[in-house]
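A.B. asks:
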Amino acid sequence: MSSTDTAAVLEKDASDSAEVGAGLDVLDGVAARGAPIARIVRERALPPLIVVGLVLGLWQLVFVLGLTDADKLPGPAMVWHSLDELWCQETLLPIVWTSVWRGLSGFLLAVVIGTPIGLVVARVKPVRTAIGPVLQGLQSLPSVAWVPAAVIWLGPDNVAIYAVILLGSVPSVANGLVAGIDQVPPLFLRAGRTMGATGLAGVRHVLIPAALPGYLAGLKQGWAFSWRSLMAAELIASSPELGLGRYLQSRREAADMPGVLLGILLILIVGIAIELAFMAPIERHLLRDRGVQDADR
Amino acid sequence: MTPVLTTPQAVTGRVAGGVPAVRISHVHKSFGRSGARTHVLDDITLDVAPGEFVTLLGASGCGKSTLLNLVAGLDKPSRGSIEVPGGRPALMFQEHALFPWLTAGKNIELALKLAGVPRPERRAEAERLLELVRLAGAYGKRVHELSGGMRQRVAMARALAQGSKVLLMDEPFAALDAITRDVLHDEITRIWAERQLSVLFVTHNVREAVRLAQRVVLLSSRPGRVAREWRIDLPQPRRIESSGVADLSIEITEELRGEIRRHVQH
Ligand SMILES: Nc1ncnc2c1ncn2[C@@H]1O[C@H](COP(=O)(O)OP(=O)(O)OP(=O)(O)O)[C@@H](O)[C@H]1O
Ligand SMILES: [Mg+2]
Numbered sequence: 008m009s010s011t012d013t014a015a016v017l018e019k020d021a022s023d024s025a026e027v028g029a030g031l032d033v034l035d036g037v038a039a040r041g042a043p044i045a046r047i048v049r050e051r052a053l054p055p056l057i058v059v060g061l062v063l064g065l066w067q068l069v070f071v072l073g074l075t076d077a078d079k080l081p082g083p084a085m086v087w088h089s090l091d092e093l094w095c096q097e098t099l100l101p102i103v104w105t106s107v108w109r110g111l112s113g114f115l116l117a118v119v120i121g122t123p124i125g126l127v128v129a130r131v132k133p134v135r136t137a138i139g140p141v142l143q144g145l146q147s148l149p150s151v152a153w154v155p156a157a158v159i160w161l162g163p164d165n166v167a168i169y170a171v172i173l174l175g176s177v178p179s180v181a182n183g184l185v186a187g188i189d190q191v192p193p194l195f196l197r198a199g200r201t202m203g204a205t206g207l208a209g210v211r212h213v214l215i216p217a218a219l220p221g222y223l224a225g226l227k228q229g230w231a232f233s234w235r236s237l238m239a240a241e242l243i244a245s246s247p248e249l250g251l252g253r254y255l256q257s258r259r260e261a262a263d264m265p266g267v268l269l270g271i272l273l274i275l276i277v278g279i280a281i282e283l284a285f286m287a288p289i290e291r292h293l294l295r296d297r298g299v300q301d302a303d304r
Numbered sequence: 018m019t020p021v022l023t024t025p026q027a028v029t030g031r032v033a034g035g036v037p038a039v040r041i042s043h044v045h046k047s048f049g050r051s052g053a054r055t056h057v058l059d060d061i062t063l064d065v066a067p068g069e070f071v072t073l074l075g076a077s078g079c080g081k082s083t084l085l086n087l088v089a090g091l092d093k094p095s096r097g098s099i100e101v102p103g104g105r106p107a108l109m110f111q112e113h114a115l116f117p118w119l120t121a122g123k124n125i126e127l128a129l130k131l132a133g134v135p136r137p138e139r140r141a142e143a144e145r146l147l148e149l150v151r152l153a154g155a156y157g158k159r160v161h162e163l164s165g166g167m168r169q170r171v172a173m174a175r176a177l178a179q180g181s182k183v184l185l186m187d188e189p190f191a192a193l194d195a196i197t198r199d200v201l202h203d204e205i206t207r208i209w210a211e212r213q214l215s216v217l218f219v220t221h222n223v224r225e226a227v228r229l230a231q232r233v234v235l236l237s238s239r240p241g242r243v244a245r246e247w248r249i250d251l252p253q254p255r256r257i258e259s260s261g262v263a264d265l266s267i268e269i270t271e272e273l274r275g276e277i278r279r280h281v282q283h
């Protein structure tokens, strides 16, 4: 049989089996599906709202029944009043903004510093043995512990505050990247190498995208640490601009309990809002693209 | 019925005449430091002629993947030499190894990019390759949206995108069900003939080896050596369940079992 004949026969044979293949594909394929808005709201938004409602209800109940001293636990309405007051004095937004700006810019700085550190620690053996454990240990050191030293060394203003943020969140960002890189399946690296993705091309086209989920987890934690560190720093260090931590401190000094509770709530809400607004969507997008939510292989 | 033509050959592994697509010469491979050294491959000499389809058969752990990795350049032989005159060969793994952060089409385009195909041509070429593996509509699909068989076909397209005439396959269909595997056997046979590829295909499925190959090479275990080889002259397309394939499979299986039994005696 000549080679063109062979090719023709093979083509015919293969197209028979292609129909079988196409049938299998239909049976096996996963249809991409989107969730209707109504369901997203019902499944995602409703449960937390119910919990918030319950907590508020319980709080009001405790307050109304007079189970505790009203000076120590003011009711929700009194806290709301404090909020209203702040809003009317037009100080609410500047206070929140001061802290958010410090938190975000500090966090971005931490990303810029922590990422190369993470890359080097993950890829260079001696560096890893030298500072890997320290980096891990730093993560469990509460950043509030740095505040006194930072204030003495750097003065009680913005510089000290930023230093504390960085000490809190750089280790998270770096460790996240290290963990992300460690979790990259060797198969991907080998596949990349057979395609010619070596050296920098390998880092860019294979290593970084493959490590992204772990890196993002590190970024999420980095944001949380940066926000916590900022509040710790603002409580103790003093700087001209009034942030949430400083506001909380001033309310404590004024024995203004509704103000104290308001401060705590604002810190909590801003932290959650940033997480929901920036981190969660990126992460969800990434995981969905990779089919992680399907608990796939 | 076609008579079964088998030609047990001398254990040299050499193909007569011409420049081979792959030339493996006296390759040894050991792992570990002296003391706890395991000798995995022992004096392997094997050629793959241009356009030839060779299957490498052997028991689990005999060093098939090790040999393929050496040919792919992922590792270096302890001794001996490997030449692939046509440049870096393409390698397909048992797991699809597609990058989940890219779509099927973009996976192929990455391979094209790394092979130096200019950007404006990549999209069209990727779609052409997807068509070749009969997945014309899959360009924008995410890896997790594809079935196991579809993934292996995209992986095949990605391997072909590297533009190498030499294709190394390490049990690429082992994780698939029998029907899907059948379909992919037809596809790889067709593509091999169409593109005149030189294929070195690893498997421990004897029937698969006979179904696909022009030449079946049996490796012994511990250390891995070329134990014997068979030239398969059955005409393509073959059916895996045909009696020609079955008869020869029985013969080769007997040999393979003998190879494995050898290890019990000492
Ligand atoms: N990097 C390594 N270090 C040490 N030993 C190794 C390494 N890679 C492989 N081996 C050993 O070499 C032997 C052959 O492995 P290999 O993966 O090549 O076998 P195989 O023939 O592909 O088996 P299978 O059919 O199970 O895939 C095994 O005993 C394995 O333990
Ligand atoms: Mg193997």
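Those protein sequence lines, which keep their order, are chains W and V.
Residue numbers for the first sequence follow my numbering, so the first one is 8 and each next one is one higher.
Residue numbers for the second sequence follow my numbering, so the first one is 18 and each next one is one higher.
Glycine residues also receive a C-beta, built at the ideal position from the N, C-alpha and C atoms.
Run down chain W in chain order and give the residues with a C-beta less than 7 Å from the C-beta of Val247(V).
C.D. replies: Per the sequence shown, the amino acid found at residue 247(V) is Trp instead of Val. Under the 7 Å cutoff, chain W gives no residues; its nearest Cβ is about 20 Å from Trp247(V).
A.B. asks: Leu108(V) versus chain W: which residues are under 7 Å apart at the beta carbon?
C.D. replies: Going along chain W in sequence order, the residues near Leu108(V) (Cβ under 7 Å) are Thr201.
A.B. asks: Below 8 Å between beta carbons: does that hold for Glu246(V) and Val227(V)?
C.D. replies: No, Cβ-Cβ distance for Glu246(V) and Val227(V) is not below 8 Å.
A.B. asks: Does any residue of chain W have a CB that is nearer than 8 Å to the CB of Ser164(V)?
C.D. replies: True, the Cβ-Cβ gap to chain W drops below 8 Å.
A.B. asks: Cα-Cα, which of Cys79(V), Gly78(V), Glu276(V) and Arg248(V) is closest to Val65(V)?
C.D. replies: Closest option to Val65(V), Cα to Cα, is Arg248(V).
A.B. asks: How many Å lie between Val57(V) and Asp92(V) at the Cα?
C.D. replies: Roughly 13 Å between the two C-alpha positions.
A.B. asks: Just mark Lys132(W) as buried or exposed, buried being the case when its beta carbon has 16 or more other beta carbons within 10 Å.
C.D. replies: Lys132(W) is exposed by the Cβ-count criterion.
A.B. asks: For a minimum of 4 consecutive residues, which ranges assigned as the alpha helix (DSSP H) are wholly contained in the region 47–124 of chain V?
C.D. replies: Within the region 47–124 of chain V, the complete alpha helix (DSSP H) runs of at least 4 residues are 81–89.
A.B. asks: Compare the C-beta of Phe195(W) against all C-beta atoms of chain V and say whether one is closer than 8 Å.
C.D. replies: Closer than 8 Å: yes.
A.B. asks: So the candidates are Met109(V), Arg239(V) and Gly35(V); which of them puts its Cα closest to the Cα of Met186(V)?
C.D. replies: Of Met109(V), Arg239(V) and Gly35(V), the residue nearest in Cα terms is Met109(V).
A.B. asks: Using CA atoms only, rank isn't needed, just tell me which of Glu18(W), Ser147(W) and Ala77(W) is closest to Leu386(W).
C.D. replies: Outside the shown range of chain W (8 to 304) lies residue 386(W), about which nothing can therefore be said.
A.B. asks: Suppose you measure from the CA of Gly278(W) to the CA of Gly82(W); what does that come to, to the nearest Å?
C.D. replies: Distance between the alpha carbons of Gly278(W) and Gly82(W): 23 Å.
A.B. asks: Nearest chain W C-beta to Thr55(V) closer than 8 Å, yes or no?
C.D. replies: Closer than 8 Å: no.
A.B. asks: Output the boundary residues of the alpha helix (DSSP H) element that contains Phe285(W).
C.D. replies: Where Phe285(W) is concerned, there is no enclosing alpha helix (DSSP H), given that its DSSP letter is neither H nor E.
A.B. asks: Could you round the C-beta distance between Val316(V) and Leu184(V) to whole angstroms and report it? I think they count as a contact, below 8 Å.
C.D. replies: The structure shown does not extend to residue 316(V), since chain V is modelled only from 18 to 283, so the question has no answer here.
A.B. asks: Anything in chain V within Cβ reach of Pro288(W), meaning under 7 Å, just list it in chain order.
C.D. replies: In chain order: nothing, as chain V lies at least about 17 Å away.
A.B. asks: I need the DSSP call for Met186(V), collapsed to helix, strand or coil.
C.D. replies: Strand, per DSSP.
A.B. asks: Put Ser259(V) into one of helix, strand or coil per three-state DSSP.
C.D. replies: Ser259(V): coil per DSSP, three-state reduction.
A.B. asks: Report yes or no: is there a C-beta of chain V within less than 8 Å of the C-beta of Gly211(W)?
C.D. replies: Note that residue 211(W) corresponds to Arg in the displayed sequence, not to Gly. False, the Cβ-Cβ gap to chain V never drops below 8 Å.
A.B. asks: Can you name, in chain order, every residue of its own chain whose Cβ lies under 7 Å from the Cβ of Asp59(V), other than the five neighbours on each side?
C.D. replies: Excluding residues within five positions, the ones whose Cβ falls inside 7 Å are His45, Pro240, Gly241 and Arg242.
A.B. asks: Could you give the C-beta distance for Leu201(V) and Gly166(V), rounded to a whole number, given that I count them as a contact under 8 Å?
C.D. replies: About 6 Å; that satisfies the 8 Å criterion.
A.B. asks: Would Asp199(V) count as contacting chain W if we go by Cβ distances under 8 Å?
C.D. replies: Taking Cβ atoms only, chain W reaches closer than 8 Å to Asp199(V), which makes this a yes.
A.B. asks: Whole angstroms is fine: what's the gap from Val101(V)'s alpha carbon to Ser112(W)'s?
C.D. replies: Cα to Cα, the separation comes out at about 53 Å.
A.B. asks: Cβ atoms of Val213(W) and Phe195(W): under 8 Å apart, would you say?
C.D. replies: Yes, Cβ-Cβ distance for Phe195(W) and Val213(W) is below 8 Å.
A.B. asks: At least one CB of chain V closer than 8 Å to the CB of Val27(W): is that the case?
C.D. replies: With 8 Å as the cut-off, Val27(W) counts as an interface residue toward chain V.
A.B. asks: Expressed to the nearest angstrom, what Euclidean distance is found between the alpha-carbon atoms of Gly229(W) and Ser176(W)?
C.D. replies: Cα to Cα, Gly229(W) sits roughly 5 Å from Ser176(W).
A.B. asks: Assess contact between the region 156–164 of chain W and the region 111–131 of chain W, defined as three or more Cβ pairs (one per stretch) separated by less than 8 Å. Is contact present?
C.D. replies: Not touching, per the Cβ criterion.
A.B. asks: Here's the rule I'm using: 16 or more other beta-carbon atoms within 10 Å means buried, otherwise exposed. How should Ala84(W) be labelled?
C.D. replies: Label assigned to Ala84(W): exposed.
A.B. asks: Contact between the region 246–261 of chain W and the region 59–68 of chain W: three or more CB pairs below 8 Å?
C.D. replies: Not touching, per the Cβ criterion.
A.B. asks: CB Gln179(V) to CB His113(V), shorter than 8 Å?
C.D. replies: No, these two residues do not count as a Cβ contact at 8 Å.
A.B. asks: May I ask you to report which of helix, strand or coil DSSP gives Thr206(V)?
C.D. replies: Looking at Thr206(V) - three-state DSSP - the assignment turns out to be helix.
A.B. asks: Under 8 Å between C-beta atoms, does Met167(V) make it to chain W?
C.D. replies: Interface residue, yes.
A.B. asks: Which residue spans inside the region 181–220 of chain W form an unbroken alpha helix (DSSP H) run of at least 4?
C.D. replies: Listed in chain order, the complete alpha helix (DSSP H) runs (minimum 4 residues) inside the region 181–220 of chain W are 193–201 and 206–209.
A.B. asks: By the DSSP assignment, the beta strand (DSSP E) with Thr220(V) in it spans what residues?
C.D. replies: Residues Ser215 to Thr220.
A.B. asks: Between which two residues does the beta strand (DSSP E) harbouring Trp247(V) extend?
C.D. replies: Counting along the chain, the beta strand (DSSP E) containing Trp247(V) begins and ends at Val243 to Arg248.
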